[in-house]
Amino acid sequence: MATPGAFRPGTAAIPSSQVEISVSCRNLANLDILSKSDPMVVMYTLDIKTQKFLEYGRTETIQNDLNPEFAKKFVIDYFFEEAQRLRFEVYDIDSQSRNLKDHDFIGFVELTLGEIVGTTGGAVLKRLRAEEVSSCKEIASIHMKGTGLDQKNWWGLFGKSDPFLTFSRANEDNSYTVVHRTEHILSTLNPDWKPFTIPLRTLCCGDYDRSIKIECHDWNASGSHELIGSFITNVRELHSGETKVFELHNPKIKRKKPCGRIHVLSFHIEMQKTFIDYIRGGMQMNFTVAIDFTASNGNPQSPTSLHYNNPYQLNQYAAAITAVGEIIQDYDSDKMFPALGFGARMPDGTVSHEFALNFQPDNPFCSGVDGILAAYYHAINNVQLYGPTNFAPVINHVA
1 MATPGAFRPG
11 TAAIPSSQVE
21 ISVSCRNLAN
31 LDILSKSDPM
41 VVMYTLDIKT
51 QKFLEYGRTE
61 TIQNDLNPEF
71 AKKFVIDYFF
81 EEAQRLRFEV
91 YDIDSQSRNL
101 KDHDFIGFVE
111 LTLGEIVGTT
121 GGAVLKRLRA
131 EEVSSCKEIA
141 SIHMKGTGLD
151 QKNWWGLFGK
161 SDPFLTFSRA
171 NEDNSYTVVH
181 RTEHILSTLN
191 PDWKPFTIPL
201 RTLCCGDYDR
211 SIKIECHDWN
221 ASGSHELIGS
231 FITNVRELHS
241 GETKVFELHN
251 PKIKRKKPCG
261 RIHVLSFHIE
271 MQKTFIDYIR
281 GGMQMNFTVA
291 IDFTASNGNP
301 QSPTSLHYNN
311 PYQLNQYAAA
321 ITAVGEIIQD
331 YDSDKMFPAL
341 GFGARMPDGT
351 VSHEFALNFQ
361 PDNPFCSGVD
371 GILAAYYHAI
381 NNVQLYGPTN
391 FAPVINHVA
């Protein structure tokens with residue numbers, strides 16, 4: 001799931017999923033003389049700003065094992081639009097020191113998180129496995145109503161309560177944290193609140209047996225809401241498949257008669273589909289590049305041209321191909337991408353609005369981002385920028 005964080009109006013948030021990475025090793029080098037190595041894996045993430053790897057976490061140490069299966073998992077936020085580079089270092093642990101320099105370095109591997117997620121089956125040849133944390137994807141849809149609630153507003157002949165529900169999850173210290181409030185409904189003792197959805201991670205930390213306190217209050221504009229009654233339940237009970245009716249009791253009112261009843265009209269748990277689910281289901285992403293070779297880009301020999309071949313840095317087209325292609329290529333199994341151009345005068349003098357950058361119309365595929373760039377540089381040196389701008393043919397090619 002892309003688990004939504006707190007809603008903050010006027011800000012921006014990047015959707016993400018959480019991925020759980022399991023690590024195992026095979027046939028590690030034995031660096032101990034009288035026994036086998038005691039391996040531990042350290043995971044690093046690349047900081048985009050500093051371009052340095054920062055330690056993210058460590059596995060446990062497994063004694064005397066050259067083929068360890070580490071129990072400790074790495075849970076990391078996954079952003080599809082970013083090339084999240086990871087580094088895994090394996091050490092033979094010789095003491096209790098946390099300084100890695102005090103231990104024997106066995107080896108390392110670097111790869112992107114996209115490579116792990118995008119690989120069929122979620123496993124790469126380096127024995128790294130990635131699985132999305134299931135509890136992050138579970139969403140509860142809840143619909144409740146109340147009947148026979150106590151009347152709290154006594155003024156006037158027809159005074160009634162303005163009820164709303166508050167949901168709180170239990171903490172380890174037996175306190176409760178509010179996780180959701182319904183809307184309040186004016187002047188009724190039999191409210192029917194609007195259905196709502198809430199991630200199970202928020203509602204109960206993914207624990208079906210964690211206590212949930214549901215309180216019914218009478219709303220007051222002053223903010224001093226008055227408790228009508230409450231009850232304790234959990235997700236397992238709510239999700240039992242039966243229509244549930246809970247009695248409300250108020251500890252301040254010493255009577256056996258309930259202060260009202262809450263009816264669970266529906267309680268469903270759904271798994272929200274995420275990008276990772278589609279990848280797991282075998283989805284492949286097809287990446288096609290179409291480059292504008294019209295004269296409006298400027299003379300390629302001029303530094304102001306978008307097609308200028310700067311020997312010291314990528315031009316804007318090459319930079320865009322690299323930025324997008326390095327992300328997408330992790331999700332294409334053969335990494336062969338059609339690369340097209342439009343708006344150019346060809347060597348034979350004709351103007352083409354759809355041509356293969358490698359000049360092979362029957363096989364316009366290029367191998368990876370490097371192949372696309374090589375074909376692009378070859379094309380820019382063998383065609384003339386022309387026009388007009390007509391990209392309908394390349395759109396039809398992809399469609």
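First residue of the sequence shown: 1, per full-length UniProt numbering; consecutive thereafter. Glycine residues also receive a C-beta, built at the ideal position from the N, C-alpha and C atoms.
Across which residues does DSSP place residue i in a beta bridge pair?
i, result
"TYR176", "ALA170"
"LEU357", "According to DSSP, which records beta bridges pairwise, LEU357 is partnered with nothing at all."
"GLU226", "ASP218"
"TYR386", "THR294"
"LEU165", "CYS216"
"GLU270", "ILE139"
"HIS145", "The sequence shown places Lys at residue 145, not His. Bridge partners of LYS145: ASP192, HIS263."
"GLY107", "VAL90"
"HIS249", "SER230"
"MET283", "DSSP lists no partner for MET283."
"TYR44", "GLU55, ARG87"
"ILE198", "ALA140"
"THR304", "The partner list for THR304 (beta bridge, DSSP) is empty, contrary to what the question assumes."
Would the beta-carbon of residue i fall within 8 Å of that of residue j?
i, j, result
"LEU385", "THR294", "yes"
"ILE139", "GLN272", "yes"
"GLU20", "VAL90", "no"
"ALA318", "TYR278", "no"
"LYS145", "HIS263", "yes"
"ILE372", "ILE321", "yes"
"ILE142", "PRO195", "yes"
"ASP332", "MET283", "no"
"ARG58", "GLY148", "no"
"ILE291", "GLU81", "no"
"LEU340", "HIS378", "no"
"ILE380", "HIS307", "yes"
"PHE287", "GLY325", "yes"
"VAL289", "GLN329", "no"
"ARG236", "ASP209", "yes"
"GLY118", "ALA83", "no"
"LEU46", "ARG85", "yes"
"ASP173", "CYS259", "no"
Hey, residue i and residue j are a contact pair by Cβ (cut 8 Å); roughly how many whole angstroms apart?
i, j, result
"SER161", "ASP218", "4 Å"
"HIS353", "ASN390", "5 Å"
"PHE337", "PHE359", "Contact flag wrong, Cβ pair sits at about 16 Å."
"TYR44", "ARG87", "4 Å"
"THR166", "GLU215", "5 Å"
"ASP104", "LEU31", "5 Å"
"THR177", "SER168", "6 Å"
"PRO163", "HIS184", "7 Å"
"SER22", "LYS73", "6 Å"
"ASN309", "PRO300", "7 Å"
"LYS335", "SER367", "7 Å"
"ILE228", "LEU248", "6 Å"
"GLY343", "GLY387", "5 Å"
"HIS239", "ILE212", "Not a contact, Cβ separation roughly 11 Å."
"LEU28", "ILE106", "6 Å"
"SER17", "THR274", "5 Å"
Would you say the stretch 304-316 touches the stretch 340-350, given that touching needs at least three Cβ pairs under 8 Å? no
If we require 4 or more residues per run, which alpha helix (DSSP H) segments fall completely within the stretch 307-384? 316-328, 368-380
Taking contact to mean at least 3 C-beta pairs separated by less than 8 Å, is the stretch 104-112 in contact with the stretch 227-239? no
The stretch 62-74 contacting the stretch 24-41, beta-carbon criterion three pairs below 8 Å: yes
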